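Below: one structure, written as structure tokens.
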Amino acid sequence: MEGLLHCSANSVPLSPINFLERAAKVCRDRTSVVYGSLNYNWGQTHQRCLKLASSLAQLGVSRGDVIAENRGLFKFCYASVSPNNSILSKFFCTIAIVGFDDIIPSKVNESLMPLRVIFRQVATLAPNIPSMYELHFAVPMAGAILCTLNSRLDANMVSVLLEHSQAKVFFVDYQLLDIARGALDLLTERAKKKPILVMIMDSDCTSTIDITSISYEYEKLLAVGHNDFDIVRPHSELDPISINYTSGTTSRPKGVVFSHRSAYLNSLATVLLLQMSLFPVYLWNVPLFHANGWCLAWGVAAQFGTNVCLRKVSAKNIFDNIVQHNVTYMGGAPTVLNMIANSTLTDRKKLNHKVAVLTGGSPPPPQILSMMEENGFSITHMYGLTETCGAGTFCAWRPEWDMLPIEEKSKIKARQGVPNLGMEEIDVKDPSTMESVPADGKTVGEVMFRGNTLMSGYFKDLKATEEAFKDGWFHSGDLAVKHSDGYIEIKDRLKDIIVSGGENISSIEVETVLYSHPAVLEAAVVARPDDLWGQTPCAYLKLKDGFDADVEEIINFCRDRLPHFMAPKTVIFLDMPKTSTGKIQKFVLREKAKALGSISNVPSVGSISNVLSVSNKLYA
1 MEGLLHCSAN
11 SVPLSPINFL
21 ERAAKVCRDR
31 TSVVYGSLNY
41 NWGQTHQRCL
51 KLASSLAQLG
61 VSRGDVIAEN
71 RGLFKFCYAS
81 VSPNNSILSK
91 FFCTIAIVGF
101 DDIIPSKVNE
111 SLMPLRVIFR
121 QVATLAPNIP
131 SMYELHFAVP
141 MAGAILCTLN
151 SRLDANMVSV
161 LLEHSQAKVF
171 FVDYQLLDIA
181 RGALDLLTER
191 AKKKPILVMI
201 MDSDCTSTID
211 ITSISYEYEK
221 LLAVGHNDFD
231 IVRPHSELDP
241 ISINYTSGTT
251 SRPKGVVFSH
261 RSAYLNSLAT
271 VLLLQMSLFP
281 VYLWNVPLFH
291 ANGWCLAWGV
301 AAQFGTNVCL
311 RKVSAKNIFD
321 NIVQHNVTYM
331 GGAPTVLNMI
341 ANSTLTDRKK
351 LNHKVAVLTG
361 GSPPPPQILS
371 MMEENGFSIT
381 HMYGLTETCG
391 AGTFCAWRPE
401 WDMLPIEEKS
411 KIKARQGVPN
421 LGMEEIDVKD
431 PSTMESVPAD
441 GKTVGEVMFR
451 GNTLMSGYFK
461 DLKATEEAFK
471 DGWFHSGDLA
481 VKHSDGYIEI
491 KDRLKDIIVS
501 GGENISSIEV
511 ETVLYSHPAV
521 LEAAVVARPD
531 DLWGQTPCAY
541 LKLKDGFDAD
551 VEEIINFCRD
561 RLPHFMAPKT
571 VIFLDMPKTS
581 TGKIQKFVLR
591 EKAKALGSIS
601 NVPSVGSISN
611 VLSVSNKLYA
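Below, the structure written as structure tokens:
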């Protein structure tokens, strides 16, 4: 079409960095972050993020160059690629994501061997505190990639992920310092270069902390930065902004790469599905290490909202913060809803306004939904994976459903619903034929996605990326049915992932530990229903002849080698059901575990001591 021009005026790479800059310009004096007695406005948060980005740049953290490797002085700077040269930008971005050698054909590799793109990674190990929120902007403002690690992992898993991510700087909360040091020691044993360690202090931090091996303290590092720092903007909106790990396996960790584009779009899409108005007050129950808080780390800034940070999630802390700060929105796994619904009268406070809640994972039971609504909460159920950058679908509620009985409402809310905005298409297909299953609510197929809010790929794992995007769709690994109204409903999982308290547990990972026990001959781990945590690991074992072990020994053995939430809570000894080829029939074991019923009996209102007792036993 004549008369049109594609230029820098009408084509700016999408990036959630813009949300912070916009908030600082439009609502400079409005509160951005609240944490105990600490308050920042958007102007202050913007300045702090600029200074932190500047400090990171001074440490050598940046977008990086395409550098020469033993081929003379030839150097091609990535920064010199024009933002409008989309082909080159996408090319170099792809190299950064999956690895140079994986993306370029071998014949071309030889002639282009001097070139390699380097993106710097910055890792974090911290709860939902202000510094974690600031790092979601400061790191990409420095041109680097944010890698948020699960704060519940042990030292061994943290070391594996640090090695895989190649993080140059490691921000660690003071309460997790021992785990971080253990992880760094393990890196040293493998002769790996350790990242720079930055400790995040807190107002309740004691002066007795051993500062050995700590390179910097967060506030002191921030203080040396400059607030006139020139933001390192993405050349392409496909540039990576973050890495989120789906698992901490020692053999093959999967680092899911979000692009600036996918983060930008899913931030706004999640804001829309939650019907988040301007100037929201959002309570941070969802860990920021979970898909960057379902992308709402950036989404709240887009709406000029207030982030109420929460170090420890408890019913009392939730109610106290809702009342004190007039919280209007929050997220939470079903376990958090359970915690609220079954809280004691002393922990609970009467709410004078509705609080919109976004939940994901297993659908909330009818009684929990009813109790939540009675206490002033409105629930929206969504479904997604790390690979969908958080919410991929949501149960779009229709007004005509309001008059249904609570049991019928809960059945509908259990559906994973329709595509989130930004997700072009979702379907339930037969993976062998790639044909859509009929919308009869009975025929099971695999959930598949196409859209702009999917991951860019798995970091340094082109094979897994290609497998996930096979046939032009993202394969979720989840089994579902499709109803006549187009809403989908998850029925099972292709992979034996156990979802406990919002955390994904790999059954293979637990089985590997069980097989290392000297008495174990065969092991299989499946999910057992749990009213409190959703699911917990149930281990079926066959012991070697002449060996003996009891339940307590097996559980303690696993707890010594795994994060406690991953250790089996149920152990059963039996002869394994097998196919004719000798393969363990896990579907039989799943039915056995299901027949056992819940391992936790959620107490009625007023019995929070029982909840705490169960919680302490399971997750201590």
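Position 125 (the sequence shown) corresponds to 125 in full-length UniProt numbering; numbering is contiguous.
Cβ atoms here follow ideal geometry from the backbone N, Cα and C, with glycine treated the same way.
These numbers come from a predicted model, not from an experiment.
From this set, the options, which residue's C-alpha is nearest residue i's C-alpha?
i: A138; options: L146, K168, C49 and A183; result: C49
i: W294; options: A414, T346, E553 and C389; result: C389
i: E591; options: V418, H290, P529 and W473; result: P529
i: V169; options: L153, R152, D178 and A142; result: A142
i: S273; options: E217, S259, L288 and V357; result: Checking the sequence shown, residue 273 turns out to be Leu, not Ser. Answer by Cα proximity: V357.
i: M455; options: A468, M339 and L162; result: A468
i: F557; options: I584, V520, Q535 and W533; result: V520
i: A291; options: G392, F565 and P577; result: G392
i: I406; options: M371, I340, S236 and G422; result: M371
i: V355; options: T344, Y383, F319 and G384; result: F319
i: V271; options: F304, N338, Y245 and T386; result: F304
i: R181; options: A167, T212 and I584; result: T212
i: I210; options: Y174, F394 and D228; result: In the sequence under discussion, the amino acid at residue 210 is Asp, which differs from the Ile named in the question. Out of Y174, F394 and D228, Y174 has the C-alpha closest to the C-alpha of D210.
i: A183; options: S11, A123 and L596; result: A123
i: I497; options: D485, E522 and V510; result: V510
i: M434; options: F474, M403 and E134; result: F474
i: Q121; options: A24, L337 and S165; result: S165
i: F19; options: I179, A223 and H260; result: H260
i: K51; options: E134, C7, M1 and G3; result: E134
i: P140; options: V61, D550 and S500; result: V61
i: S476; options: A341, D485 and I426; result: I426
Per DSSP, what are the beta-bridge partners of residue i in this structure?
i: N128; result: L310
i: residue 638; result: Any question about residue 638 goes unanswered here, given that the chain covers just 1 to 620.
i: Q535; result: P529
i: D173; result: I200
i: A439; result: In DSSP, A439 forms no bridge with anything.
i: Y515; result: Paired residue(s): none; Y515 is not in a bridge.
i: I426; result: F449
i: I497; result: S506
i: K586; result: Answer by DSSP bridge pairing: none, since K586 is not bridged.
i: L238; result: Looking at the DSSP assignment, L238 forms no beta bridge with any residue, so it has no partner.
i: G392; result: In DSSP, G392 forms no bridge with anything.
i: I379; result: V357
i: T31; result: N41
i: N244; result: T148 and V256
i: Y218; result: Bridge partners of Y218: none, in fact.
Buried or exposed: which applies to residue i, given that a residue is buried once 16 or more other Cβ atoms fall within 10 Å of its Cβ?
i: P13; result: buried
i: Y515; result: exposed
i: D430; result: exposed
i: V98; result: For V98, the predicted structure reports a pLDDT of 47, less than 50, and the residue's modelled location is therefore unreliable. A value from the coordinates is still provided. With 16 or more Cβ atoms within 10 Å of its Cβ, V98 is classed as buried.
i: R398; result: exposed
i: P438; result: exposed
i: P518; result: exposed
i: V526; result: buried
i: L9; result: Reading off the sequence, residue 9 comes out as Ala, not Leu. Label assigned to A9: exposed.
i: K544; result: exposed
i: M330; result: buried
i: V26; result: exposed
i: E466; result: exposed
i: E446; result: buried
i: G472; result: exposed
i: G597; result: exposed
i: C7; result: exposed
Taking residue i and residue j to be in contact with their CB atoms under 8 Å, please state how far apart those CB atoms are, rounded to whole angstroms.
i: N41; j: S55; result: With a Cβ gap of about 21 Å, N41 and S55 do not count as contacting.
i: A524; j: L479; result: Contact flag wrong, Cβ pair sits at about 19 Å.
i: G332; j: N266; result: Not quite, the Cβ-Cβ distance comes to about 19 Å (not below 8 Å), so this is no contact.
i: W533; j: T386; result: Rounded, the Cβ-Cβ distance is 20 Å, inconsistent with contact.
i: L268; j: A302; result: 6 Å
i: I129; j: I17; result: Contact doesn't hold; Cβ gap of about 21 Å is too wide.
i: V172; j: L125; result: 5 Å
Just checking: is the beta-carbon of residue i within a distance shorter than 8 Å of some beta-carbon in chain C?
i: N244; result: Within the model displayed, chain C is absent; a lone protein chain is all it includes.
Cβ contact (3+ pairs, closer than 8 Å) linking the stretch 29–38 and the stretch 306–323: As far as the Cβ criterion goes, the stretch 29–38 touches the stretch 306–323, which means the pair count is three or higher.
When the Cβ atoms of the stretch 149–159 are set against those of the stretch 268–280, are three or more pairs found closer than 8 Å? No, because fewer than three Cβ pairs between the stretch 149–159 and the stretch 268–280 fall closer than 8 Å, the two stretches do not touch.
How about the stretch 318–330 and the stretch 229–241: do they share at least three Cβ pairs that are nearer than 8 Å? Between the stretch 318–330 and the stretch 229–241, the count of C-beta pairs closer than 8 Å stays below three; the two stretches do not touch.
Is it a yes or a no for the stretch 347–363 touching the stretch 375–395, going by three-plus beta-carbon pairs under 8 Å? Contact between the stretch 347–363 and the stretch 375–395 is present, because at least three Cβ pairs lie under 8 Å.
Hey, is the stretch 132–146 in contact with the stretch 174–192, meaning 3+ C-beta pairs nearer than 8 Å? Using a C-beta cut-off of 8 Å, the stretch 132–146 makes no contact with the stretch 174–192, since fewer than three inter-stretch Cβ pairs fall below that distance.
Answer yes if the stretch 475–495 comes into contact with the stretch 410–423, meaning at least three C-beta pairs across the two stretches below 8 Å, and no otherwise. Using a Cβ-Cβ distance cut-off of 8 Å, the stretch 410–423 and the stretch 475–495 are in contact, since at least three pairs of beta carbons, one from each stretch, lie closer than that value.
Can we say the stretch 539–549 touches the stretch 563–575, given the rule of at least three CB pairs closer than 8 Å? Touching, yes, given that three or more Cβ pairs across the two stretches are closer than 8 Å.
Between the stretch 452–470 and the stretch 256–274, do at least 3 Cβ pairs fall closer than 8 Å? Per the Cβ contact rule, the stretch 452–470 is in contact with the stretch 256–274 (3 or more Cβ pairs under 8 Å).
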